[in-house]
Amino acid sequence: MSVEFVDLLKKYPTGRRENLIPILQEIQDLHGFIPETAVSAIAEYLDIPAVKIFSVATFYNEFRFNAGGKYHFQVCQGIGCQVDGSERIRTELGRLLEISPGEITADGWFSLEWVPCLGVCQEAPVLSVNGEMYAKMTPVKVKQMVEKLRSL
Ligand code: FES
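Taking the working numbering, the leading residue of the sequence shown gets 16, the next gets one more, and so forth.
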């Protein structure tokens, strides 16, 4: 097992699969994403096949398997958000940041992802920034948000 995760995993009883989500959350909080070495370590520690861990983690939008930007944008592509204009949000972010979904800006500040329903459809169209939800987004609000983050 990767020594990198031994101390973290030791906080949880071994072989207890119900601890998978809290462990993934803790690793993501620490690293900003779930490294492949972490998946292997968790698989061994909880006795769960790595493919099952990927399957569970990809069900939740909050988990990522690669490093994102300092500010990670997730635009909801669920039906409710698409009906209310999430495509315009994604297009505006792509234009402002000059990246496509799955990419990160050259300076490492921003990354963009197009994700399934974020679970707050009544607030459509929804944008998540580092896991924080922003409701009823418009291209204007997105532009103001990017300008504000760039000035920090
Ligand atoms: S469709 Fe976007 S939050 Fe559900």
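The C-beta atom is built at its ideal place from N, Cα and C for all residues, glycine as well.
Hey, would you say the C-beta of residue i is under 7 Å away from at least one heavy atom of the ligand FES?
{"i": "G95", "result": "yes"}
{"i": "G134", "result": "yes"}
{"i": "A121", "result": "no"}
{"i": "V141", "result": "yes"}
At the level of alpha carbons, what is the spacing between residue i and residue j?
{"i": "L23", "j": "V98", "result": "42 Å"}
{"i": "K163", "j": "T106", "result": "19 Å"}
{"i": "L174", "j": "T29", "result": "With the chain covering only 16 through 167, there is no way to say anything about residue 174."}
{"i": "K67", "j": "M148", "result": "27 Å"}
{"i": "F69", "j": "L39", "result": "10 Å"}
{"i": "A72", "j": "V130", "result": "13 Å"}
{"i": "V155", "j": "R31", "result": "47 Å"}
Using a Cβ-Cβ cutoff of less than 8 Å, which residues in the same chain neighbour residue i once the five nearest sequence positions on both sides are dropped?
{"i": "I120", "result": "Note that residue 120 is Thr in the sequence shown, not Ile. Closer than 8 Å at the Cβ level, and outside the excluded window around T120, lie G84, L112, E113, I114, S126."}
{"i": "P37", "result": "Y27"}
{"i": "L45", "result": "L23"}
{"i": "N34", "result": "Y27, P28, L61"}
Any idea if residue i is buried or exposed, counting beta-carbon neighbours within 10 angstroms, 16 or more meaning buried?
{"i": "Y86", "result": "buried"}
{"i": "R79", "result": "buried"}
{"i": "I94", "result": "exposed"}
{"i": "Q137", "result": "exposed"}
{"i": "F88", "result": "buried"}
{"i": "A139", "result": "buried"}
Between residue i and the rest of its own chain, which residues show a CB-CB distance below 7 Å, the 5 nearest in sequence each way excluded?
{"i": "P64", "result": "A58"}
{"i": "K158", "result": "E107, L111"}
Going along the chain, which residues of its own chain have a beta-carbon closer than 6 Å to the beta-carbon of residue i, five neighbours each way excluded?
{"i": "F20", "result": "A53, A56"}
{"i": "E128", "result": "Q89, P116"}
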